[in-house]
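Chains as they are written, first to last, in our numbering: chain A, 277 to 593; chain B, 277 to 593.
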């Protein structure tokens, strides 16, 4: 990047191949809707902001290049909070291979953070939601349900400690422990599998989406855009011992872990469809198949039937 | 744009020449800090959002290509408001030659709008704030002070009509009249001279800035970044009969119009420096000259002396 923050704008130098498909996306996080200062540090929120935006670029099959972030926050918010946010942004950009290309700070009544991610197709065609065809396989890179389980654990612990109502500006965050520590970390710092995006495009993926709102809901978006039905095989979904242990810790049936996997959002796994003869590239693994559109209006099936449990994820509020 | 809103991201196809310098910038507008619903329609705010972001790209010498907008607003805000905002965004993008390349809508306690603008240098080198040299001329494209005068007129009229406190969600806006109508329009819908940016780069401008915070304040930024002094000639500044009439209408000395021109922000005129032998391209006109750095720390002079009046513009709050 020849010019960075400090001038009116940043300048990115792209090659002709990179420029043939420049991918851009923007997304906003609002305090108490998309994150809470009682359960996430500013650095956590920085990681989440970067992950959420860069994953949208990867979901087109693009390689992330740059992130811009505009931060609005109350005058009462500590300067330190913005600094720690930047630390988290930088860390996740580095993990994705992207640069921070500028930003802006304003004053507002609550914290509102908008990221804009840029990426390149590196000469490949973008992978849309609308290209899935009957006969394709459905594959998943990354896992789902871990962020939702981590949030459920945090909320349970917060209720116990009455932290939920206290809204301390810089709380001692509850510490994760034992088998569930990884789930709490997954909620605070989602880790999208960025290289899987370009790998899917290179392998000939027919459709792809960032599962930011939950597997069922985002699979339905692909199905609707493509005019097909996605049939998921529950035996292949990432229902782990870790998730079952979390269910037990919360006094639930361990089998209910499947609800998190199907409906929990904000893990930013990538869901893609591939032609039947194509081996999905690692880390994708097959989790279902694409069927012709039915007459009954169902877009997603689980083991051949509509799912009767949760139907999606509308943030934690 | 091969892919528009509806997928995870938009895709822009750039030529190799366009890609060699891709310019990106982001900027946020917050309700009651950067605009008021009592004095601006949603379409006005859309124009202002687009203008503010696209002007930052032009100030690097780039040609605007695309705009992304993320809107956070209360659930009580009318859907119609967002629709009218989009109308204003589209109108100003069209004026700048840019496309709307996507967006995002969230819920928040107050209206927060973040734009991200993309442009291209078309193969030229970006024009930074830091390149001004003693002996250069200082030139201005567009006018300054008109937005601030328009706001002063609106506030005066609002106070009269008690609208300022009523915060109606969809007020009957006060109608501008007579000689001041253009000033109120300039406040509601700033019109940056976008083509002047690339024209300045092509002509060999040594430094450039978007005068979003006022002529004196933004000239000082160029001076500091370049290690020089900018000396403005008040006789060449855009102090118009229109501004003098506004001062009189508000019961002020007509000579005070110069304060608006020097300190009023949000007109998004472009201030640039050119080597002495270069004729600044239209619509730039010479308004001063660049001097070597003094020992006294002054960065901007007016007619050879530090200005004793206003020193800048920190939004209307």
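For every residue, glycine included, the Cβ atom is placed at its ideal position computed from N, Cα and C.
On a Cα-Cα basis, can you pick out the residue from A:543, A:414 and A:324 that is closest to residue 490 (chain A)? A:543
Kindly indicate if chain A contains any beta-carbon less than 8 Å away from that of residue 467 (chain B). no
Taking 8 Å as the CB-CB limit, is residue 491 (chain B) close to chain A? no
Counting pairs of Cβ atoms below 8 Å between the segment 496-506 of chain A and the segment 563-572 of chain A, do you hit three or more? Segments in contact, yes.
Check whether residue 391 (chain B) and residue 321 (chain B) have beta carbons under 8 Å apart: No, these two residues do not count as a Cβ contact at 8 Å.
Span separating the alpha-carbon of residue 289 (chain A) from that of residue 415 (chain B): Cα to Cα, residue 289 (chain A) sits roughly 28 Å from residue 415 (chain B).
Does any C-beta atom of chain B lie closer than 8 Å to the C-beta of residue 325 (chain A)? With 8 Å as the cut-off, residue 325 (chain A) does not count as an interface residue toward chain B.
Among all the DSSP beta bridges, which residues are the ones paired with residue 508 (chain B)? B:564 and B:578
If you compare alpha carbons, which of A:510, A:555, A:432 and A:531 is closest to residue 581 (chain A)? Of A:510, A:555, A:432 and A:531, the smallest CA-CA separation from residue 581 (chain A) is found for A:510.
Closer than 8 Å, CB to CB, is residue 340 (chain A) near chain B or not? The beta-carbon of residue 340 (chain A) is placed no less than 8 Å from the nearest beta-carbon of chain B.
Determine whether the beta carbon atoms of residue 378 (chain A) and residue 301 (chain B) lie at a separation below 8 Å. yes
Near-chain B residues of the segment 410-425 of chain A (beta-carbon distance less than 8 Å), N- to C-terminal order: none
According to DSSP, is residue 379 (chain B) helix, strand or coil? strand
Could you tell me which chain B residues have their CB closer than 7 Å to the CB of residue 392 (chain A), listed as they occur along the chain? 302, 344 and 392
According to the neighbour-count rule (16 or more other Cβ atoms, all chains shown, within 10 Å of its Cβ), is residue 354 (chain B) buried or exposed? exposed
Segments of 4+ residues assigned as alpha helix (DSSP H) that fall wholly inside the segment 455-503 of chain A: 457-464, 472-479 and 491-502
Select from the segment 545-563 of chain B all residues with a C-beta closer than 8 Å to any C-beta belonging to chain A, and list them in chain order. Within the segment 545-563 of chain B, no residue has a Cβ lying closer than 8 Å to any Cβ of chain A.
Measuring only between beta-carbons, confirm whether residue 284 (chain B) sits less than 8 Å from chain A. yes
I believe residue 550 (chain B) touches residue 480 (chain B) by the beta-carbon criterion, under 8 Å. Please report the beta-carbon distance rounded to the nearest angstrom. 7 Å between Cβ atoms; contact.
Compare the C-beta of residue 376 (chain A) against all C-beta atoms of chain C and say whether one is closer than 8 Å. Looking at the structure shown, chain C is missing, and the protein chains on hand are A and B.
Interface residues of chain B facing residue 350 (chain A) [CB-CB closer than 8 Å]: Within chain B, no residue comes near residue 350 (chain A); the closest Cβ sits about 11 Å away, beyond 8 Å.
According to DSSP, is residue 538 (chain B) helix, strand or coil? helix
Which bits of chain A does residue 328 (chain B) rub up against, with CB to CB less than 7 Å? Within chain A, no residue comes near residue 328 (chain B); the closest Cβ sits about 10 Å away, beyond 7 Å.
Please go through the same chain and pick out, in chain order, the residues whose beta-carbon is closer than 6 Å to the beta-carbon of residue 331 (chain A), but skip the five residues on each side of it. 468, 486 and 544
So, does the CB of residue 503 (chain B) fall closer than 8 Å to a CB anywhere in chain A? Not closer than 8 Å to any Cβ of chain A, the Cβ of residue 503 (chain B) fails to qualify, so no.
CB-CB length for residue 342 (chain A) against residue 370 (chain A), believed under 8 Å: With 8 Å as the limit, residue 342 (chain A) and residue 370 (chain A) do not qualify as a contact, their Cβ atoms being about 12 Å apart.
Listed by chain order, chain A residues near residue 235 (chain B) by CB distance under 9 Å: An answer regarding residue 235 (chain B) cannot be provided, because it is not within the stretch 277 to 593 covered by chain B.
Proximal residues of chain A, C-beta to C-beta of residue 333 (chain B) below 8 Å: Those within 8 Å of residue 333 (chain B) in chain A are 284 and 285.
Distance check for residue 583 (chain B) and residue 577 (chain B), CA to CA, integer angstroms please. So the alpha carbons of these two residues sit roughly 6 Å apart.
Beta-carbon neighbours of residue 291 (chain B), restricted to chain A and to distances below 9 Å: 292, 295 and 296
Under DSSP, the alpha helix (DSSP H) around residue 515 (chain B) begins and ends at which residues? Looking at the DSSP string, residue 515 (chain B) is not in any alpha helix (DSSP H), and its letter there is neither H nor E.
Nearest-angstrom Cα distance between residue 362 (chain A) and residue 324 (chain B)? C-alpha of residue 362 (chain A) to C-alpha of residue 324 (chain B): approximately 28 Å in a straight line.
Work out the CA separation of residue 417 (chain A) and residue 519 (chain A) for me, nearest whole Å. 18 Å
Is there at least one Cβ from chain B nearer than 8 Å to residue 524 (chain A)'s Cβ? no
Does DSSP classify residue 263 (chain B) as helix, strand or coil? Here chain B has residues from 277 to 593 only, and residue 263 (chain B) is not among them.
Taking the C-alpha atoms as reference points, what is the distance between residue 384 (chain A) and residue 351 (chain A)? Residue 384 (chain A) and residue 351 (chain A): Cα-Cα distance of roughly 8 Å.
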